[in-house]
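Residue numbers (my numbering): 1 to 494. Heads up: the structure comes next, in structure tokens.
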């Protein structure tokens, strides 16, 4: 097995562990991100539901409980028609006196649906064709039908006050007499005050900048909101509002206000009156994403912190596992005594070099001479020391890029993947001399002539592991037969 097996195994396990943990952490982060976004959407949905529910409640309440008011408005309207039949010149009417008499504001609309007279001077001059084209068309329809009609809650254009309005055309259809009764001081409005609900939602949720309810003309409902920024002053918001009103679907637009991004969320709402005439409104929820962005940023920081911890743990665990696995794997391909590669590793390497060799491949077989005498006279412990020493000398001599292995007993082998014959002679001579010098003390002290014999074979195109090994073994046999402490090259017999 290759020397870097443990390192490679460790790197593979680290990469694999990091990949798995990164994927798992990424999936968890995505789930957390989706959870945060869903929570944000739930908050926005809850805000929508609350304000729409309050609008629906007050509309339903007026439909159920304002019959007396509607009846009074009709009675007053018919009295005013009688007054018109007696005196059709509105310039002669005392509108303030009439307001005190009926407790209602009186408006006179001409054929073009322009307010030409009123007990509320702030509404004189309002042209419904310009501000509220769809409502102007509705007024024309009512004028043509010639009947008394009344609506639910709407806004006074001049004051912004919420009122209930009724309409009756004059017999000649030239004018429309409109009555308006303030709702903001009534019990129903105080009980179902959607404006207060909006304010409570603004205070409850930091994300909410403002909540406004607009009529179909784009005017904010509620006298408390009079003086707020006109929706038409922002072309983008106005167009988004109109799209929501026309499509009946929620629309949004993001605007940068004083360096902060504000999302304007428009929710269309439609209330049905008892006569079937509809009053369209749009709820505007202006909100920021500060809390959302803070939560997302915090989750991202936690993700990276967790990732670092996971990576550190993955690396540590990988190192421990690799260490446990690498040791038996290392021993499976290495000689436990000398640390050299064993026969299995030798055969694998030789096959690999034969398959992809680019130069002259050579095999050098080395055998310790008279090693049996060492074991017999000095014991196996001393024999093991000599084997270790021999392995060290072989490694020190063979050179970089070449591989040494112990095949068993006192037999060693070296693979030279790219070498010429002259270089092999030099290396063999050098190795024999170093071994002879290294074991000088044993020869002197114990009279055991320790040396090495070397057999060398150059691979041909036809050689496989077995044949090349046999050639080197035959060359080694010749060295021993010729007197030991020498090398011999395999030569084909003629």
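Even glycine gets a Cβ: it sits at the ideal position worked out from N, Cα and C.
Item	Value
Among all the DSSP beta bridges, which residues are the ones paired with residue 376?	Paired residue(s): none; residue 376 is not in a bridge.
At which residue ranges does the stretch 128 to 189 contain complete beta strand (DSSP E) runs of 3 or more residues, listed in the order of the chain?	149 to 155, 162 to 169 and 176 to 182
Rounded to whole angstroms, how far is the Cβ of residue 269 from the Cβ of residue 283, which I believe are closer than 8 Å?	6 Å
So what's residue 2 in DSSP terms, helix, strand or just coil?	At residue 2, the pLDDT of 45 sits below 50, so the modelled position is not reliable and the matter cannot be decided from this model.
Looking at the unbroken alpha helix (DSSP H) that takes in residue 197, where does it start and where does it end?	194 to 204
What are the partner residues of residue 105, as DSSP defines its beta bridges?	180
Please list, in chain order, all residues of the same chain as residue 472 whose beta carbon is under 6 Å from its beta carbon, the five residues on each side excluded.	363, 365, 455 and 457
Give the C-beta separation of residue 310 and residue 47 to the nearest angstrom, bearing in mind that I take them to be a contact with Cβ-Cβ under 8 Å.	That pair is no contact at about 38 Å.
Using only the alpha-carbon positions, how far apart do residue 398 and residue 24 sit?	49 Å
From the DSSP output, read off the bridge partner residues of residue 39.	In the DSSP output, where bridge partners are listed per residue, residue 39 has none listed.
Counting along the chain, where does the alpha helix (DSSP H) carrying residue 349 start and finish?	343 to 356
Give a yes or no on whether 8 Å exceeds the smallest Cβ distance from residue 483 to chain D.	As a matter of chain content, chain D is missing from the structure shown, which is built from one protein chain.
One question on the structure: do residue 95 and residue 81 come within less than 8 Å of each other, judged by their Cβ atoms?	no
Taking 8 Å as the cut-off, does the stretch 141 to 152 touch the stretch 166 to 179 (at least 3 CB pairs, one atom from each stretch)?	yes
Does the beta-carbon of residue 476 have 16 or more other beta-carbons within 10 angstroms, so that it is buried, or is it exposed?	buried
Inspect the beta-carbon positions of residue 33 and residue 296 and report whether they are closer than 8 Å.	yes
Should residue 180 go down as buried or exposed, given a rule of 16 or more other Cβ atoms within 10 Å for buried?	buried
Tell me which same chain residues have a C-beta within less than 7 Å of the C-beta of residue 91, skipping the five on either side of it?	none
Can you give me the start and stop residues for the alpha helix (DSSP H) that residue 76 sits inside?	67 to 86
On the DSSP letters alone, give me the boundaries of the beta strand (DSSP E) that residue 448 sits inside.	Element bounds for residue 448: n/a, residue is neither H nor E.
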